[in-house]
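Structure first, then comments.
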Amino acid sequence: MIHIITVHFKTDRWVDLQLKQIDKHVTNYKIWSYCDGFDISPHVHKFHFCENFPQSTSVSNIGYLNHIAKLNSLTHVVLSDTNTREDDLLIWLDSDSFPISDMNVYISKKLSKYPLIAINRPENGGDVIPHPSFTCTTVYFWKEHNLNWSGVPGSDTKKTNKQGLHDPGGFIYKNLLSKNLDWFKLLRT
Numbered sequence: 502m503i504h505i506i507t508v509h510f511k512t513d514r515w516v517d518l519q520l521k522q523i524d525k526h527v528t529n530y531k532i533w534s535y536c537d538g539f540d541i542s543p544h545v546h547k548f549h550f551c552e553n554f555p556q557s558t559s560v561s562n563i564g565y566l567n568h569i570a571k572l573n574s575l576t577h578v579v580l581s582d583t584n585t586r587e588d589d590l591l592i593w594l595d596s597d598s599f600p601i602s603d604m605n606v607y608i609s610k611k612l613s614k615y616p617l618i619a620i621n622r623p624e625n626g627g628d629v630i631p632h633p634s635f636t637c638t639t640v641y642f643w644k645e646h647n648l649n650w651s652g653v654p655g656s657d658t659k660k661t662n663k664q665g666l667h668d669p670g671g672f673i674y675k676n677l678l679s680k681n682l683d684w685f686k687l688l689r690t
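Counting the sequence shown from 1 gives a position; my numbering is that position plus 501.
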């Protein structure tokens, strides 16, 4: 099973387009979503899980910190589901991201060589981190390495090679680096 984790925020503009592309290019999947800032009632039935993010768990008025909280919370929902298995795949997909070709074959090929596939954005000020616009790994790998979407506090400095580590994915990058684990860096297109 492939668990697609996505957060739609302030607009439902991308919901139907993303779902159409997922249905066209992915098989054997469930979509788990937080949809905030718009009426979700016309969309709830389109997802395996769709709720508003609990406001009581909001950590900050800073956008990327709330995005981290939403990604971590939704991932926890997936991992806590009794039907989620260790060999299942987790895919995080930004609301305005969607597949354009067969994902199952692509993911299978890449995960046979790398434990994690993720968008890498070197054009974004030299970012080195995996980005949640598209990231994929197994439930087992995520849990084995105790991963989460947190950033690395105090790493937002332009004078180091650690640009972007405070953003979602900074902790994942630091964890992979410290364990000398290679990952497939997918350039954003």
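Ideal Cβ placement from N, Cα and C applies to all residues, glycine included.
Quantities reported herein were computed from a predicted structural model and do not represent experimental measurements.
CB contact below 8 Å: residue i versus chain D
{"i": "Thr585", "result": "Of the protein chains in this structure there is only one, and it is not chain D."}
Where residue i falls, given that 16 or more other Cβ within 10 Å makes a residue buried
{"i": "Ile601", "result": "exposed"}
{"i": "Asn621", "result": "buried"}
{"i": "Pro555", "result": "exposed"}
{"i": "Ser679", "result": "exposed"}
{"i": "Gly626", "result": "exposed"}
{"i": "Lys644", "result": "exposed"}
{"i": "His577", "result": "exposed"}
{"i": "His509", "result": "buried"}
{"i": "Asp517", "result": "exposed"}
{"i": "Lys521", "result": "exposed"}
{"i": "Val545", "result": "exposed"}
{"i": "Trp534", "result": "Before going on, a small fix: residue 534 reads as Ser here, not Trp. Buried, since its Cβ has 16 or more Cβ neighbours within 10 Å."}
{"i": "Pro631", "result": "buried"}
{"i": "Asp595", "result": "buried"}
{"i": "Ser651", "result": "buried"}
6 Å CB neighbourhood of residue i in its chain, flanking five on each side removed
{"i": "Trp593", "result": "Ile506, Pro633, Thr636"}
{"i": "Asp603", "result": "His526"}
{"i": "Thr658", "result": "Confidence at Thr658 is low in this model, with a pLDDT of 47, below 50, so the placement of that residue should be treated as unreliable; the coordinate-derived value is given next. Nothing listed; no residue qualifies."}
{"i": "Phe550", "result": "Trp533"}
{"i": "Thr528", "result": "Asn605"}
{"i": "Ile673", "result": "Pro631, Leu648"}
{"i": "Leu677", "result": "Trp684"}
Where the alpha helix (DSSP H) containing residue i begins and where it ends
{"i": "Ile525", "result": "Just to set this straight, residue 525 is Lys in the shown sequence, not Ile. Its alpha helix (DSSP H) spans residues 516 to 526."}
{"i": "Ile608", "result": "604 to 612"}
{"i": "Ile673", "result": "671 to 679"}
8 Å Cβ shell around residue i - same chain, five flanking residues per side excluded
{"i": "Thr512", "result": "Gly538, Phe539"}
{"i": "Lys675", "result": "Val653, Leu666"}
{"i": "Ile618", "result": "Ile608, Lys611, Leu612, Phe635, Thr636, Cys637, Thr638, Trp684, Phe685, Leu687"}
Beta-carbon contacts of residue i that lie in its chain and below 7 Å, excluding the five residues immediately before and after
{"i": "Asp683", "result": "Tyr615"}
{"i": "Tyr641", "result": "Glu587, Asp588"}
{"i": "Asn584", "result": "none"}
{"i": "Ser598", "result": "Ser634, Phe635"}
Host beta strand (DSSP E) of residue i (start-end)
{"i": "Val508", "result": "503 to 510"}
{"i": "Asn621", "result": "617 to 621"}
{"i": "Leu648", "result": "Taken as a continuous stretch (DSSP letters only), Leu648 belongs to no beta strand (DSSP E), as it is neither H nor E."}
{"i": "Ile532", "result": "530 to 537"}
{"i": "Glu552", "result": "550 to 552"}
Near the ligand HEM: residue i beta-carbon under 7 Å from a heavy atom
{"i": "His632", "result": "Among the components of this structure there are no ligands whatsoever, and the ligand HEM is therefore not found."}
Beta bridge counterpart(s) of residue i as assigned by DSSP
{"i": "Thr638", "result": "Leu591, Leu617"}
{"i": "Lys686", "result": "Ala619"}
{"i": "His632", "result": "Ile620"}
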